[in-house]
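Chemist:
Numbering (the UniProt record's numbering), first residue to last: 1 to 588.
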């Protein structure tokens, strides 16, 4: 008996979705209905997209197999479950493969937190397209290929690709896949699968993209891919339509001419209700690495996600460099307190649980439990942001009361020693909530952080913050005074740490020197954490980087594109400059 056969004596292995033929035989399956391919190793966790999709389909009665990080140089992995009856589901993984593989200065990353052993040797560049080619290489005239995950979702229309410095076609064209499910996709995956199972046309399913020989007249007609190549303002127009049509309440479909065909994006699928959010969270995840992968080593991300709780989906912060709003949506969908408390209680049944919840939060932790009433009824506004660099919309009324009560409930569960809030926190929302903001911060300081609290001002120069969509430095100063006073009153020595970005569009070396001055004089720190901006698809910041224009005014914007000068901007904030000249070689 070899090593891989031995690990199947693990008593929880039967609870995983199958990833080998032996597991299929044990279940009595001759064929999977759906096979999911991922750029991540197979961790059965609600934080892993393909695992969640697999569990949703399993609950609907479908036979689902998962192949994590298949070998792309042979057919040994991609063929081990055979061919599915309905379709292949293909994802690049939890992180965009190009962001996972390369730094902002295009140096290869040696580590991958989603790969056993931690070495970055199993996630190919442009993983989604590579896996599609791998399938078609080994299965001729196979069943449809359906793309999903953040890598595909952000590339569903013409997009700027930083790594080639070019505009690329929608990923369906380059991957030659049949369909793409964008966003979170819980409803879309069910409707598409059921339509395929019944032999019906799935091209009407909301939340789906496909290629057509004919346009859809009632959809928004986007500038063509060719027009975008020839005119950067046309590309801004395209992105504006793309960005403004992501909310299921009011969005229309999109139709983009690409060569002689059309890229069709159906309107977004409906968001999950609270009850549906609870149901997905209650699916029978093992929260473990599949035994098939265990001989290769531990997976670092599991240390964080195993005992973490996602309280909600979506973010209306609209930072221009962040793609969460486009992928998850700009409307908050919240789980019930009962569901979250039950999940935390279930943690105490695990033998390796030490009483510590790694994170109780979401994309932005303090957006749990409230939303704009207008947005819930009519969807997001096209040209009015909930929050930007100067103000919070008057219709958005931050209210931390529900999340305060949730935190209290969780930490009172027998067996819970600490429930950390490690997700991002918007300090401007704490400042704005005059009724409960102080109480929320007090709860965090007293019970839910340890030693330090991370915030993300990113910069301090107003013209850079305007292009980032981040609040002004006075908001940060006001928050820091409140935080420091609370720690002083409680007799705690806890500090703020700051995420900062160098070389964002609009940022010059002079701006970085001013940022350095501010952090030293006003924040009383010498920052150690800074990153060079990466223009990722699906973000306004990437649009600005490519076009060198403000997308609103269409005026020219300075954009640093030289790698060494980008590194120099980062070095300024980290005090890595010698007296006479710059020393290169700083990793991002």
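Built from N, CA and C at the ideal position, the CB exists for glycine as well.
Here's the rule I'm using: 16 or more other beta-carbon atoms within 10 Å means buried, otherwise exposed. How should residue 39 be labelled?
Modeler: For the purposes of this step, residue 39 is identified with residue 39 of the chain shown, where counting begins at 1. Buried.
Chemist: Report, in whole angstroms, the separation of the C-beta atoms of residue 314 and residue 329, which I expect to be a contact under 8 Å.
Modeler: Locating residue 314 in the chain shown gives position 314, counting from the first residue. Locating residue 329 in the chain shown gives position 329, counting from the first residue. With 8 Å as the limit, residue 314 and residue 329 qualify as a contact, their Cβ atoms being about 5 Å apart.
Chemist: Assign residue 97 to buried or exposed, taking buried as 16 or more other Cβ atoms, counted over all protein chains shown, within 10 Å of its Cβ.
Modeler: On the chain shown, residue 97 is found 97 positions in, with the first residue counted as 1. Buried.
Chemist: Would you decide whether residue 198 is buried or exposed? Buried here means 16 or more other CB atoms lie within 10 Å of its CB.
Modeler: Numbered from 1 along the chain shown, position 198 holds the residue referred to as residue 198. Counting Cβ neighbours within 10 Å, residue 198 comes out exposed, since fewer than 16 surround it.
Chemist: When the Cα of residue 343 is compared with those of 515, 560, 440, 414, which residue comes out closest?
Modeler: Position 343 of the chain shown, counted from the start, is the residue given in the question as residue 343. Minimum Cα distance to residue 343 is reached at 414.
Chemist: Quick one: residues in its chain with C-beta nearer than 8 Å to the C-beta of residue 21, no 5 flanking neighbours on either side, listed in chain order?
Modeler: On the chain shown, position 21 is the one that residue 21 refers to. Taken in chain order, the residues that qualify are 80, 81, 82.
Chemist: Identify, in the order they occur along the chain, each residue of the same chain with its Cβ nearer than 6 Å to the Cβ of residue 210, setting aside the five sequence neighbours on each side.
Modeler: Here residue 210 corresponds to residue number 210 of the chain shown, with the count starting at 1. So the qualifying residues of the chain are 179, 203, 264.
Chemist: Between the alpha carbons of residue 68 and residue 227, how many angstroms are there, rounded?
Modeler: Mapped onto the chain shown, residue 68 falls at position 68. Mapped onto the chain shown, residue 227 falls at position 227. So the two alpha carbons sit approximately 38 Å from each other.
Chemist: Would residue 535 and residue 62 qualify as a contact pair, given that the criterion is a beta-carbon distance under 8 Å?
Modeler: The residue labelled residue 535 in the question sits at position 535 within the chain shown. The residue labelled residue 62 in the question sits at position 62 within the chain shown. Against a cut-off of 8 Å, the Cβ pair of residue 62 and residue 535 comes out as no contact.
Chemist: Classify residue 298 as buried or exposed, calling it buried when 16 or more other Cβ atoms lie within 10 Å of its own Cβ.
Modeler: In the chain shown, the residue the question calls residue 298 occupies position 298. Counting Cβ neighbours within 10 Å, residue 298 comes out exposed, since fewer than 16 surround it.
Chemist: Between the stretch 159-175 and the stretch 542-550, do at least 3 Cβ pairs fall closer than 8 Å?
Modeler: yes
Chemist: For the alpha helix (DSSP H) that contains residue 190, what are its first and last residues?
Modeler: Indexing the chain shown from 1 puts residue 190 at position 190. Run containing residue 190: 186-198, per the alpha helix (DSSP H) assignment.
Chemist: Please tell me whether residue 113 and residue 286 are closer than 8 Å, where the distance is taken between their beta carbons.
Modeler: Translated into the one-based positions of the chain shown, residue 113 becomes position 113. Translated into the one-based positions of the chain shown, residue 286 becomes position 286. Not a contact, by the Cβ cut-off of 8 Å.
Chemist: Helix, strand or coil for residue 281 per DSSP?
Modeler: Sequence index remark: in the chain shown, residue 281 carries index 281 (1-based). Looking at residue 281 - three-state DSSP - the assignment turns out to be helix.
Chemist: Please state if the CB of residue 66 and the CB of residue 54 are separated by a distance shorter than 8 Å.
Modeler: Within the chain shown, numbered from 1, the residue matching residue 54 stands at position 54. Within the chain shown, numbered from 1, the residue matching residue 66 stands at position 66. It is a contact, given that the beta carbons lie within the stated cut-off.
Chemist: Got a sec, what are the start and stop residues for the alpha helix (DSSP H) residue 458 sits in?
Modeler: Here residue 458 corresponds to residue number 458 of the chain shown, with the count starting at 1. No alpha helix (DSSP H) holds residue 458; the beta strand (DSSP E) holding it covers 452-458.
Chemist: For residue 383, count neighbouring Cβ atoms within 10 angstroms of its own Cβ and tell me buried if that reaches 16, exposed if not.
Modeler: Indexing the chain shown from 1 puts residue 383 at position 383. Classification of residue 383: exposed, given that the 10 Å Cβ count is below 16.
Chemist: Give the single residue among 385, 412, 373 whose Cα lies nearest to the Cα of residue 399.
Modeler: One-based indexing of the chain shown puts residue 399 at position 399. Comparing Cα-Cα distances from residue 399 to each of 385, 412, 373, the minimum goes to 373.
Chemist: Out of curiosity, what's the CA-to-CA distance linking residue 145 and residue 493?
Modeler: Position 145 of the chain shown, counting from 1, holds the residue named residue 145. Position 493 of the chain shown, counting from 1, holds the residue named residue 493. Going from the Cα of residue 145 to the Cα of residue 493 covers about 54 Å.
Chemist: Is residue 458 buried or exposed, if buried means 16 or more other CB atoms sit within 10 Å of its CB?
Modeler: On the chain shown, position 458 is the one that residue 458 refers to. The residue is buried, with at least 16 neighbouring Cβ atoms inside 10 Å.
Chemist: Helix, strand or coil: how does DSSP classify residue 12 here?
Modeler: As a first step, residue 12 must be located in the chain shown, where it is residue number 12. Unreliable positioning characterises residue 12 in this predicted model, as indicated by a pLDDT of 33, which lies under 50. The coordinate reading is nonetheless provided below. In this structure, residue 12 counts as coil in the three-state DSSP scheme.
Chemist: For the candidate residues 441, 418, 32, whose alpha-carbon lies nearest to that of residue 404?
Modeler: Taking the first residue of the chain shown as position 1, residue 404 is located at position 404. Comparing Cα positions, the closest option is 441.
Chemist: Compare the beta carbon distance of residue 353 and residue 307 with 8 Å and say whether it is the shorter of the two.
Modeler: Counted from its first residue, the chain shown places residue 353 at position 353. Counted from its first residue, the chain shown places residue 307 at position 307. Yes.
Chemist: In whole angstroms, what separates the C-alpha of residue 153 from that of residue 395?
Modeler: For the purposes of this step, residue 153 is taken as the residue at position 153 of the chain shown. For the purposes of this step, residue 395 is taken as the residue at position 395 of the chain shown. Cα to Cα, residue 153 sits roughly 29 Å from residue 395.
Chemist: Can you give me the start and stop residues for the beta strand (DSSP E) that residue 530 sits inside?
Modeler: The residue labelled residue 530 in the question sits at position 530 within the chain shown. That run of the beta strand (DSSP E) goes 530-532.
Chemist: From 280, 455, 200, pick the residue whose C-alpha is nearest to that of residue 56; which is it?
Modeler: The count along the chain shown starts at 1 and reaches residue 56 at position 56. The candidate whose alpha carbon is nearest that of residue 56 is 280.
Chemist: Select from 572, 356, 248, 516 the residue whose C-alpha is nearest the C-alpha of residue 377.
Modeler: Taking the chain shown and counting its residues from 1, one reaches residue 377 at position 377. Here the closest residue by C-alpha is 248.
Chemist: Go ahead and label residue 268 buried or exposed: buried means 16 or more other beta carbons lie within 10 angstroms of its beta carbon, across all protein chains shown.
Modeler: Walking along the chain shown from the start, residue 268 turns up at place 268. Residue 268 is buried by the Cβ-count criterion.
Chemist: Checking the sheet assignment: what are the DSSP bridge partners for residue 146?
Modeler: Here residue 146 is taken as the residue at index 146 of the chain shown, counted from 1. DSSP output for residue 146 lists 89, 179 as bridge partner(s).
Chemist: With which residues is residue 239 paired in a DSSP beta bridge?
Modeler: What you label residue 239 is simply residue 239 of the chain shown in a count that begins at 1. Paired residues: none, contrary to the question.
Chemist: Which word fits residue 140, buried or exposed, when buried means at least 16 other C-beta atoms lie within 10 angstroms of its C-beta?
Modeler: Within the chain shown, the letter at position 140 stands for residue 140. Counting the other Cβ atoms within 10 Å of the Cβ of residue 140 gives fewer than 16, which makes it exposed.
Chemist: In the stretch 317-373, which residue ranges form an unbroken beta strand (DSSP E) of at least 3 residues, counting only runs that do not cross its ends?
Modeler: 359-361
Chemist: My guess is that residue 527 and residue 574 are in contact by the Cβ rule of under 8 Å, so how many angstroms apart are they, rounded?
Modeler: Here residue 527 refers to the residue found at position 527 when the chain shown is read from its first residue. Here residue 574 refers to the residue found at position 574 when the chain shown is read from its first residue. About 7 Å separates the two Cβ atoms, so the contact holds.
Chemist: Could you name the residues of the same chain whose beta carbon sits closer than 6 Å to that of residue 590, not counting the 5 residues immediately before and after it, in chain order?
Modeler: Beyond the ends of the chain as shown, which are 1 and 588, falls residue 590; an answer cannot be given.
Chemist: Note the first and the last residue of the continuous beta strand (DSSP E) segment covering residue 569.
Modeler: For the purposes of this step, residue 569 is identified with residue 569 of the chain shown, where counting begins at 1. Not the beta strand (DSSP E): residue 569 falls in the alpha helix (DSSP H), residues 563-573.
Chemist: Return the CA-CA distance between residue 31 and residue 85, expressed in angstroms with no decimal places.
Modeler: For the purposes of this step, residue 31 is taken as the residue at position 31 of the chain shown. For the purposes of this step, residue 85 is taken as the residue at position 85 of the chain shown. Rounded to whole angstroms, residue 31 to residue 85 spans 7 Å at the Cα level.
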